[in-house]
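Asker: Chains as they are written, first to last, in the numbering used here: chain A, 18 to 121; chain B, 268 to 629.
Glycine included, every Cβ here is placed at the ideal spot set by N, Cα and C.
Since the structure is predicted, the reported quantities are computational estimates derived from the model, not experimental observations.
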């Protein structure tokens with residue numbers, strides 16, 4: 018059953034950046050876009066087990082730190098080799114300065 | 268360091284592969300020097316400027332030296348132009364292939380892709396299979412049974428290593444491989460690292476490459492001249508020496524089956540011309556530890572983390588002098604390797620961790 022979980026404070030994430038959020042035995046990546054919107058995806062790259070939070074955010078793209086695989090973090094779309102499998106995304110809302118994500 | 272005598276199996280689908288996966292050597296978590304997120308973000312920043320500048324110089328030098336070859340063809344004056352053109356075509360294409368394959372040379376993706384495709388052709392590599400083999404090389408750097416890009420295997424074949432400077436062996440491998448792939452056949456090793464959904468692309472890419480070579484041969488026959496082949500294809504033979512001279516030093520003589528790039532990778536200081544040809548890949552420990560950092564930022568990364576790395580070799584000559592006795596010793600004891608000393612400011616190698624994995628693996 019889906020639940021809303023507090024992931025971080027708004028100020029914890031710089032603009033055009035990403036941080037890691039662990040919940041239970043799962044890990045997520047929380048993004049702040051250049052136009053100040055928040056997004057959330059699974060925390061690991063779909064190619065190999067690397068934390069996307071160590072990667073580079075450029076516009077709508079998160080680039081994996083291990084093999085430079087690129088995803089659109091807003092849609093989860095894999096943008097080409099070496100990533101072929103899309104990234105799972107999660108709904109996000111901001112309430113009272115907190116970034117909340119809906120986890121199933 | 269020496270241990271008992273073993274025989275390495277470099278196949279990517281054999282018993283060693285299975286053991287590497289079982290023991291956790293494959294896809295392991297590697298050592299990283301601590302760098303703050305703020306500093307790393309600055310270093311990772313992409314920019315089109317440096318690569319556009321370098322690519323304009325690169326293309327101008329290629330076209331200029333090609334024009335010199337055509338102009339002076341049939342005279343001895345052609346030799347210096349062959350030297351420059353061959354090095355640019357047969358050697359600097361490797362570093363452009365590499366950096367654009369990582370997608371770090373340019374900020375703009377299509378620019379990386381265009382230069383990647385051109386450089387792949389020049390260096391005679393299938394752009395699809397080699398993208399995947401290089402991903403594997405970064406996941407499992409010098410892990411026997413996993414890494415598809417181990418240049419000098421143990422015990423070292425010194426004749427083969429020497430011939431590599433002529434490009435003959437690479438040529439003999441690369442061209443037949445492209446022809447085989449063009450006929451739709453990928454080897455078992457290739458299938459082990461190229462996902463099924465990408466294999467058709469590999470075949471298509473090989474067909475394009477082979478088609479251009481066939482057209483070049485046809486032109487050479489029509490013109491009754493070697494000139495087309497001297498400009499397209501053969502530079503992979505006569506111009507490859509710089510790529511081999513710099514590239515061999517990346518890992519040769521160092522440890523295998525470890526998960527710390529400080530143990531299996533080498534940084535060497537180079538002159539500015541070689542650094543231009545090699546696009547700063549002489550900072551190789553830094554590149555492997557942080558592959559997101561573009562080539563133009565590697566000197567800055569080096570300054571930031573050198574306190575935690577073995578001291579770089581001050582020159583290629585120094586590095587080859589250091590590695591030569593190691594290779595000779597590996598002829599008799601293939602488990603022997605060079606352990607480069609860390610400065611007192613560095614965090615120590617993870618000895619216990621490696622010993623545990625190696626005991627399990629062998």
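Expressed to the nearest angstrom, what Euclidean distance is found between the alpha-carbon atoms of residue 446/B and residue 23/A?
Answerer: Approximately 56 angstroms between the Cα atoms of the pair.
Asker: Taking 8 angstroms as the CB-CB cut-off, is residue 37/A touching chain B?
Answerer: Not closer than 8 angstroms to any Cβ of chain B, the Cβ of residue 37/A fails to qualify, so no.
Asker: Looking at the strands, I want to know which residues DSSP matches up with residue 110/A.
Answerer: The partner list for residue 110/A (beta bridge, DSSP) reads 117/A.
Asker: In terms of residue numbering, what span does the alpha helix (DSSP H) encompassing residue 383/B cover?
Answerer: Unbroken alpha helix (DSSP H) run through residue 383/B: 376 to 389.
Asker: Would you identify the three-state DSSP class for residue 101/A, choosing helix, strand or coil?
Answerer: Residue state, collapsed to three classes: coil.
Asker: With 8 angstroms set as the bound, which would you pick, yes or no: does the beta-carbon of residue 465/B sit closer than that to a beta-carbon of chain D?
Answerer: Protein chains in the displayed structure are A and B, and chain D is not among them.
Asker: Going by C-alpha distance, which of 502/B, 616/B, 504/B and 420/B is nearest residue 575/B?
Answerer: Residue 616/B is the option with its Cα nearest to residue 575/B.
Asker: Which first and last residues belong to the alpha helix (DSSP H) in which residue 89/A is found?
Answerer: Premise fails: residue 89/A lies in the beta strand (DSSP E), 87 to 89, not in any alpha helix (DSSP H).
Asker: At the level of alpha carbons, what is the spacing between residue 466/B and residue 281/B?
Answerer: Residue 466/B and residue 281/B: Cα-Cα distance of roughly 21 angstroms.
Asker: Between which residues of its own chain and residue 271/B is the CB-CB distance below 6 angstroms, once the five residues before and five after are set aside?
Answerer: Residue confidence is low: residue 271/B scores 47 on pLDDT, short of 50, so the model does not pin down where it sits. Its coordinate-derived value is still stated next. Contacts found: none.
Asker: So with Cβ pairs under 8 angstroms, would you call residue 473/B a contact of chain A?
Answerer: For residue 473/B, the answer is no, since every Cβ of chain A falls outside 8 angstroms of its Cβ.
Asker: Quick one: what does DSSP say residue 531/B is sitting in, helix, strand or coil?
Answerer: Helix, per DSSP.
Asker: How many angstroms separate the CA atom of residue 111/A from the CA atom of residue 49/A?
Answerer: If I take the Cα positions, the gap works out to 11 angstroms.
Asker: Helix, strand or coil: which one does DSSP assign to residue 584/B?
Answerer: Reduced to three states, the DSSP call for residue 584/B is helix.
Asker: Candidates 311/B, 274/B, 296/B and 283/B: which alpha carbon is nearest residue 558/B's?
Answerer: Per the Cα distances, 311/B.
Asker: Please name the residues in the segment 364 to 396 of chain B whose beta-carbon is closer than 9 angstroms to at least one beta-carbon of chain A, in chain order.
Answerer: The residues in question are 368, 369, 370, 371, 374, 376, 380 and 395.
Asker: What residue range is occupied by the uninterrupted beta strand (DSSP E) comprising residue 75/A?
Answerer: It spans 73 to 75 - the beta strand (DSSP E) in which residue 75/A sits, taken as one unbroken run.
Asker: Do residue 370/B and residue 85/A have their beta-carbon atoms positioned less than 8 angstroms apart in this structure?
Answerer: A contact, by the Cβ cut-off of 8 angstroms.
Asker: Between residue 129/A and chain B, is the shortest Cβ-Cβ distance under 8 angstroms, so that the two count as touching?
Answerer: The requested residue 129/A does not occur in the structure, where chain A is confined to residues 18 to 121.
Asker: Please list, in chain order, all residues of the same chain as residue 363/B whose beta carbon is under 6 angstroms from its beta carbon, the five residues on each side excluded.
Answerer: Excluding sequence neighbours, residue 363/B sits near 382 and 386.
Asker: Would you mind telling me which residues of chain A sit closer than 8 angstroms to residue 294/B, beta carbon to beta carbon, in chain order?
Answerer: Correct list: 65 and 66.
Asker: Name the residues in the segment 98 to 116 of chain A whose C-beta lies less than 8 angstroms from a C-beta of chain B; which are they?
Answerer: Cβ contacts with chain B come from 98, 99 and 101.
Asker: Would residue 99/A pass as a contact of residue 399/B if the rule is Cβ separation under 8 angstroms?
Answerer: In contact: residue 99/A and residue 399/B (Cβ atoms closer than 8 angstroms).
Asker: By a C-beta neighbour count over all protein chains shown, 10 Å radius and 16 as the cutoff for buried, is residue 320/B buried or exposed?
Answerer: Under this definition residue 320/B is an exposed residue.
Asker: Could you list which residues in chain B have their beta carbon closer than 8 angstroms to that of residue 85/A, in chain order?
Answerer: Chain B residues near residue 85/A: 369, 370, 371, 558 and 559.
Asker: Taking the alpha-carbon positions, what's the residue 289/B to residue 607/B distance?
Answerer: About 28 angstroms.
Asker: With a Cβ-Cβ cutoff of 8 angstroms, do residue 106/A and residue 93/A count as a contact?
Answerer: For residue 106/A and residue 93/A, yes; Cβs fall inside 8 angstroms.
Asker: Starting from residue 348/B, follow its DSSP beta bridges and name the residues at the other end.
Answerer: DSSP output for residue 348/B lists no bridge partner at all.
Asker: Assign residue 18/A to buried or exposed, taking buried as 16 or more other Cβ atoms, counted over all protein chains shown, within 10 Å of its Cβ.
Answerer: Residue 18/A should be labelled exposed.
Asker: At a CB-CB cut-off below 8 angstroms, which residues of chain A make contact with residue 634/B?
Answerer: With chain B covering 268 to 629 only, the question about residue 634/B has no answer from this structure.
Asker: In the segment 563 to 608 of chain B, which residue ranges form an unbroken alpha helix (DSSP H) of at least 4 residues, counting only runs that do not cross its ends?
Answerer: With a minimum length of 4 residues, the continuous alpha helix (DSSP H) runs that stay inside the segment 563 to 608 of chain B are 565 to 572 and 583 to 599.
Asker: Closer than 7 angstroms by C-beta to residue 269/B: which residues in its own chain qualify, once you throw out the five before and the five after it? Chain order, please.
Answerer: With a pLDDT of only 45 at residue 269/B, under the threshold of 50, the placement of this residue in the model should not be trusted, and no figure is reported.
Asker: Would you list, in chain order, the members of the segment 313 to 334 of chain B that have their beta-carbon closer than 7 angstroms to a beta-carbon of chain A?
Answerer: Correct list: 313.
Asker: Where does residue 30/A land, buried or exposed, given buried means 16+ other C-beta within 10 angstroms?
Answerer: Classification of residue 30/A: buried, given that the 10 Å Cβ count is 16 or more.
Asker: State the CB to CB distance for the pair residue 407/B and residue 294/B, rounded to an integer number of angstroms; the pair is presumed to be in contact (CB under 8 angstroms).
Answerer: Correct: roughly 7 angstroms between the Cβ atoms.
Asker: Taking Cβ-Cβ distances shorter than 8 angstroms, what residues in chain B pair up with residue 75/A?
Answerer: Under the 8 angstroms cutoff, chain B gives 313 and 374.
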